[in-house]
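Residue numbers (the numbering used here), protein chains in the order written: chain Y, 14 to 252; chain C, 14 to 252; chain S, 12 to 235; chain H, 12 to 235. Don't be surprised by glycine CBs; every beta carbon is placed ideally from N, CA and C. No experiment lies behind these values; they were computed from the predicted model shown.
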Amino acid sequence: MKNKTFESFEAAVADIPDGSTIMFAGFAGPGTPRNLIAALLAQGASGLTIISNTPGRWADSDIVDLKVLVDAGRVRKAVASFTAAPHPSMSGVFAELYEAGEIEAELVPQGTLAERIRAGGAGLGAFYTPAGVGTELAEGKEVRSFDGRDYLLELPLRADYAMLRAHRADALGNLQYVHTQRNFGPIMARAARITIVELDLPIVAAGEIDPDHVHTPGIFVDRMVVVPADAIQETVRNG
Amino acid sequence: MKNKTFESFEAAVADIPDGSTIMFAGFAGPGTPRNLIAALLAQGASGLTIISNTPGRWADSDIVDLKVLVDAGRVRKAVASFTAAPHPSMSGVFAELYEAGEIEAELVPQGTLAERIRAGGAGLGAFYTPAGVGTELAEGKEVRSFDGRDYLLELPLRADYAMLRAHRADALGNLQYVHTQRNFGPIMARAARITIVELDLPIVAAGEIDPDHVHTPGIFVDRMVVVPADAIQETVRNG
Amino acid sequence: MASREPLSRQAMADRIAMEFEDGWVVNLGVGMPTLCSNFVHPEREITYQSENGLVNYGPLAVEGEEDPNLVNAGGQYVIPIPGMAVLDHADAFALIRAGYVDVTVLGAYEVAANGDLANWRLAGRKGGGIGGAMDLAVGARNVFVMMEHTTREGAPRIVERCAQPITAPGVVKLVATTLGLFEITPDGFVLREIAPGYTPDEVQAATGAKLIVPPDMREFRTRE
Amino acid sequence: MASREPLSRQAMADRIAMEFEDGWVVNLGVGMPTLCSNFVHPEREITYQSENGLVNYGPLAVEGEEDPNLVNAGGQYVIPIPGMAVLDHADAFALIRAGYVDVTVLGAYEVAANGDLANWRLAGRKGGGIGGAMDLAVGARNVFVMMEHTTREGAPRIVERCAQPITAPGVVKLVATTLGLFEITPDGFVLREIAPGYTPDEVQAATGAKLIVPPDMREFRTRE
């Protein structure tokens, strides 16, 4: 049996080259692969294209998320549903780099972002969605009417790597998420060539997870690291 | 709380009018709503458009499936991934009616069928899929190249009703399927205006099903009937 | 004139929640709209849906009882209720676009007389925050807005045409502001209910679009 | 000439299964191809995928131990193995189209020198049975075919161009028939291995396309 279990976050991200396109799961906390992000920061890869709901928190914080890669200048381009802070009073390095034209960004409605990732992992060529019709996001995009309603043509997203956090896994890589930790995990695991997962709980033997309740089958999972007790845990934040 | 529980299959299908478009789940047995089909036959609705993997078994059999509706002349059109028996030696009423032009059929690759149903329940206008390119199924369809590969434009499928069989449900209609009983159930429940479910097991109270392991959320489910012990059960077939 | 105060957020949320019908699936936007869940009629069954994958979730978690892996679309910790279900992000937005959400309540920078909604980017600023707003605005069967009647600088948010980039054209049906409740009709904004102590002329003066004042205009209602 | 018999289904399945590499995800078509699972090298880890939603399922169930809700894409009852996972139909085909299946083994009416596959409809017959064949043919990284070398009437199934309606253009890489193993190359069919007792001329005579006979052509191999 192929061993997908890695002993350290460092080992799991060691071979990621500069210029990679990486999907990062996580929504408002849950599902964010914080330990893998920290390891990637230490590893040093740069010129990254990141695909995620946001390019990290807008406010200063000691919480590890994509902001640490942005702040360290590792990100060349972000594909996200937020490219500015929710409020003009917030700012940060991403906003500064973006305003200065030193980071590229593609702003995508969140549902379209999810659907483009899903399409990337579903072998589709493109799809038509109603979101964004009649807005400035439709500029340069094909608008087409079906059954009397207008839709925008949107293209799939794929990546070299996906990083995500799940609750538990068996030795084959079958994953379960807990509650809203799930978010982008299942669709990103399918859209990336290599999927790397950090896990809340120790890995169990194949057969320990009910086949009807596997959220991400192991064929989509390549590398797993169990989060040690002294590593970063998802904790309750204030604000 | 809205009561979704119906006491009989007859009551659950009583209002279905002639000319309805109905999706039927089921693949090679598991997930087929046999009791609902029997009730629909007795109810008498005709001129139906059925959307399903096949329009019923090809060989004679006493197993209730869509064949009983076809044989009774209730089906005007079938959308399916089989419109002929797997082998020329098999025949049946569907083949005869179809050859005679008395039933309409739209033949769709199975993955395209599933994706069109999924798109119908996902609010998309259309999508591009590689299946069928270069075949006679591409005739009259738009072919378009993305990233150097050709794809066919395919439209979503929606229905007035979906009928399916699931394993168990809570009072809100949250469903779980067992093994390959799942097949078309989750996507059809989302693509139909009214979803009617027959259930292997008695309905449990809300809260009895783990929220992480709900396969079809109750907002997609409208009517449920628990299959009595003396009604049709999914049994092991030979051949 | 003691009662002549702009409406509170609570009053706006209460009023919007009065519109929620029994059995509706409701999606509440980040910020003010989340308050609506405090005011739903106890005899109406409402299912809350959140675009990060929750169907049928409960109220905000009290301090100390938060589950770090259970948040709503605003990132607030919520509690599960019996019958909750979890979906992935693609499925969560699939149901939004497919019309399963009966109403979304959103904040806004501006709402125009033709129903245009602007709530994702301030003109002149680079980048924006769309989140799920564009999907919700086109997918939900009803789009209601809650907002201050004017900007901090006093500029109207209810306008003839949006000056801010729009989120979706022609989608808003009802707006609650600090000065009243406004319905969007084919003829434009109708002032349905007015904040206590204000006159229609005062409201019109603070508004950037022509208001229709119907004979049955009444004082702003709340349920609680 | 005692050994001069067309190859058995078992031999063809054995030979095709020799091509499955360690770690591959394999999809077996209805009929003959399902036999391949009996012949996989014990030291190779193969994950079987079935387009009705199974990933990593086990062998056929023996009589009396069938689970009525656990079938493969051919409708045969199979047994679960540790690590199995179930998907819905849309997700099952999503992974097929996205290239997660390393090989699909399909039956066919005809295979052409350009790799065209015909296996869903006989010309002149109304209607057809596609099932998952078109999705698998374009989605799987490798498409292998197992079939009788000729029709019951003696017509060749290995042809220059398909006379039957095709399932997908240019997808087949390898074909096992009752007379040998054929690789499809840019130059056309190469006879890699031949059934014991047959000559290349005899095989060519029963074939509707030009066969390239390489110097290293060998006798048809099986592992068991």
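Can you list, in chain order, the residues of its chain whose CB lies under 6 angstroms from that of V41 of chain H, leaving out five sequence neighbours each side? Cβ within range, chain order: G85.
State buried or exposed for A134 of chain S, treating a residue as buried only when at least 16 other CB atoms are found within 10 Å of its CB. exposed
Contact list for the segment 139-158 of chain H against chain Y, Cβ threshold 9 angstroms: D146, V149 and G150
For the segment 61-72 of chain H and the segment 150-168 of chain C, state whether three or more C-beta atom pairs, one from each stretch, are separated by less than 8 angstroms. no
Hey, L61 of chain C and L126 of chain C: beta-carbon distance below 9 angstroms or not? no
Which whole-angstrom value describes the C-beta separation of I107 of chain S and A144 of chain S, a residue pair presumed to lie in contact below a C-beta threshold of 8 angstroms? Incorrect: roughly 11 angstroms between the Cβ atoms, too far for contact.
Contact set between E253 of chain C and chain H, taken where Cβ atoms lie within less than 9 angstroms: Any answer about residue 253 of chain C is impossible in this case: the structure gives chain C only from 14 up to 252.
Within a Cβ cutoff of 7 angstroms, which residues of the same chain sit near I27 of chain S, ignoring the five residues on either side of it in sequence? Scanning its chain for C-beta atoms nearer than 7 angstroms, with the 5 sequence neighbours on each side dropped, one finds around I27 of chain S the residues C47, V116, F155, M157 and A187, in chain order.
Using a 10 Å radius around the Cβ and a threshold of 16 neighbouring Cβ atoms, would you call V81 of chain Y buried or exposed? V81 of chain Y should be labelled buried.
According to DSSP, is G124 of chain C helix, strand or coil? Helix.
Interfacial residues, the segment 110-128 of chain S to chain Y, with Cβ spacing under 9 angstroms: Those residues of the segment 110-128 of chain S that come within reach of chain Y (Cβ to Cβ, closer than 9 angstroms) are D127.
Taking Cβ-Cβ distances shorter than 7 angstroms, what residues in chain Y pair up with M95 of chain H? P224
Under 9 angstroms, do G149 of chain Y and M176 of chain Y count as touching if we go by C-beta distance? Reading off the sequence shown, one finds Glu at residue 149 of chain Y, where the question assumed Gly. Not in contact: E149 of chain Y and M176 of chain Y (Cβ atoms no closer than 9 angstroms).
Any beta-carbon of chain H closer than 9 angstroms to the one on V121 of chain C? yes
E30 of chain H: CB within 8 angstroms of a non-hydrogen atom of the ligand FMN: Here there are no bound small molecules, and the ligand FMN is not part of this structure.
So, helix, strand or coil for V81 of chain Y, using DSSP? DSSP places V81 of chain Y in helix when its eight states are reduced to three.
Hey, could you find the ends of the alpha helix (DSSP H) Y111 of chain C is sitting in? V106 to E112
Closer than 9 angstroms, CB to CB, is K137 of chain H near chain C or not? Using beta-carbon distances, K137 of chain H counts as an interface residue toward chain C, with a partner under 9 angstroms.
Under 9 angstroms, Cβ to Cβ, is there at least one residue of chain Y near G69 of chain S? no
Proximity below 9 angstroms, CB of P93 of chain S to CB of A218 of chain C: yes
In chain order, which alpha helix (DSSP H) runs of at least 4 residues are fully inside the segment 54-140 of chain S? If we require 4 residues or more, the alpha helix (DSSP H) runs fully inside the segment 54-140 of chain S come out as 100-108.
For A85 of chain Y, is the classification buried or exposed, using 16 other Cβ atoms within 10 angstroms of its Cβ as the cut-off for buried? The residue in question, A85 of chain Y, is exposed, as its Cβ has fewer than 16 Cβ neighbours within 10 Å.
Please report the residue range of the alpha helix (DSSP H) in which L39 of chain S lies. Note, L39 of chain S: premise wrong, no alpha helix (DSSP H); beta strand (DSSP E) at V36 to L39.
Below 7 angstroms CB to CB, which residues in the same chain sit around R234 of chain H once its five sequence neighbours on both sides are set aside? D25, M29, F50 and H52
Using a Cβ-Cβ cutoff of less than 7 angstroms, which residues in the same chain neighbour N125 of chain H once the five nearest sequence positions on both sides are dropped? G181
Taking only the alpha-carbon atoms, compute the straight-line gap between R89 of chain Y and G34 of chain H and give it to the nearest angstrom. 35 angstroms
Answer yes or no: does any C-beta atom of chain S fall closer than 9 angstroms to that of L185 of chain C? yes
Helix, strand or coil at P143 of chain C according to DSSP, with G and I counted as helix: coil
Using Cβ-Cβ distances below 8 angstroms, what residues of the segment 30-59 of chain Y are close to chain H? none
Check whether chain C comes within 9 angstroms of L168 of chain Y, counting only Cβ atoms and requiring the distance to be less than that. yes
DSSP state of E149 of chain C mapped onto helix, strand, coil: helix
What would DSSP say about T18 of chain Y, mapped onto helix, strand or coil? Of the three classes helix, strand and coil, the one that applies to T18 of chain Y here is strand, per DSSP.
Cutting at 8 angstroms between CB atoms, please list the residues of its own chain near I116 of chain Y, excluding the five before and the five after it. The residues are V83, V88, R89, K90, A91, F107 and L110.
Measuring straight from C-alpha to C-alpha, what distance separates A182 of chain C and L188 of chain C? 5 angstroms
Near D99 of chain S, which residues of its chain fall below 7 angstroms by C-beta distance, leaving aside the five closest residues on each side in sequence? Taking C-beta separations shorter than 7 angstroms and ignoring five residues to either side along the sequence, the partners of D99 of chain S in its chain run G64, following chain order.
Are the beta-carbon atoms belonging to M237 of chain Y and I200 of chain Y less than 9 angstroms from one another? no
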